[in-house]
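In my numbering, the protein residues as written are 4 to 110. Backbone N, C-alpha and C fix where the C-beta goes; we use that ideal spot for every residue, glycine too. Just below is one structure, and these are the notes that go with it.
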């Protein structure tokens, strides 16, 4: 998994969408990230949570994986660019046609 800066991530995500336009699909996950790389064992006492969390985004298409970490101060700028990217590349969605096999089976 390649960790990229935010602008490079959006550029590579656009390339991924163009690759997956004919065949395949792009899988995007977004989760809260506290900056730790390793899992810490649970103690009996609960530690206080950090005030601000970062956001981890991951994208995969076939064998290509990319990721980025968005800091709290950059969230608004990143979300606007991310939204416009998704709107521009979600044109390949189609409604699923239902088959009429159930109607034929009941007659």
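Would you mind reading off the limits of the alpha helix (DSSP H) that contains residue i?
i          : result
residue 61 : Where residue 61 is concerned, there is no enclosing alpha helix (DSSP H), although the beta strand (DSSP E) it sits in stretches over 57 to 64.
residue 72 : Careful: residue 72 lies outside any alpha helix (DSSP H), inside the beta strand (DSSP E) at 67 to 73.
residue 78 : 78 to 92
residue 9  : 9 to 22
Could you please give the first and the last residue of the uninterrupted beta strand (DSSP E) stretch that includes residue i?
i          : result
residue 33 : 30 to 36
Quick check: what's the CA-CA separation for residue i versus residue j?
i          : j           : result
residue 12 : residue 35  : 17 angstroms
residue 14 : residue 100 : 33 angstroms
residue 23 : residue 81  : 23 angstroms
residue 7  : residue 41  : 19 angstroms
residue 79 : residue 44  : 33 angstroms
residue 61 : residue 10  : 14 angstroms
Note down, in chain order, each residue of its chain lying with its Cβ closer than 7 angstroms to the Cβ of residue i, except the 5 sequence neighbours on either side.
i          : result
residue 18 : none
residue 20 : 29, 92
residue 38 : 57
Counting C-beta neighbours from all protein chains within 10 Å, is the total for residue i 16 or more, i.e. buried, or is it exposed?
i           : result
residue 5   : exposed
residue 89  : exposed
residue 102 : exposed
residue 26  : exposed
residue 32  : exposed
For residue i, which residues of its own chain have a beta-carbon under 6 angstroms away from its beta-carbon, when the five flanking residues on both sides are left out?
i          : result
residue 55 : 75
residue 30 : 63
residue 67 : none
The ligand FAD and residue i: does any heavy atom of the ligand fall closer than 7 angstroms to the residue's C-beta?
i         : result
residue 9 : As for the ligand FAD, it is missing from this structure, which has no ligand bound.
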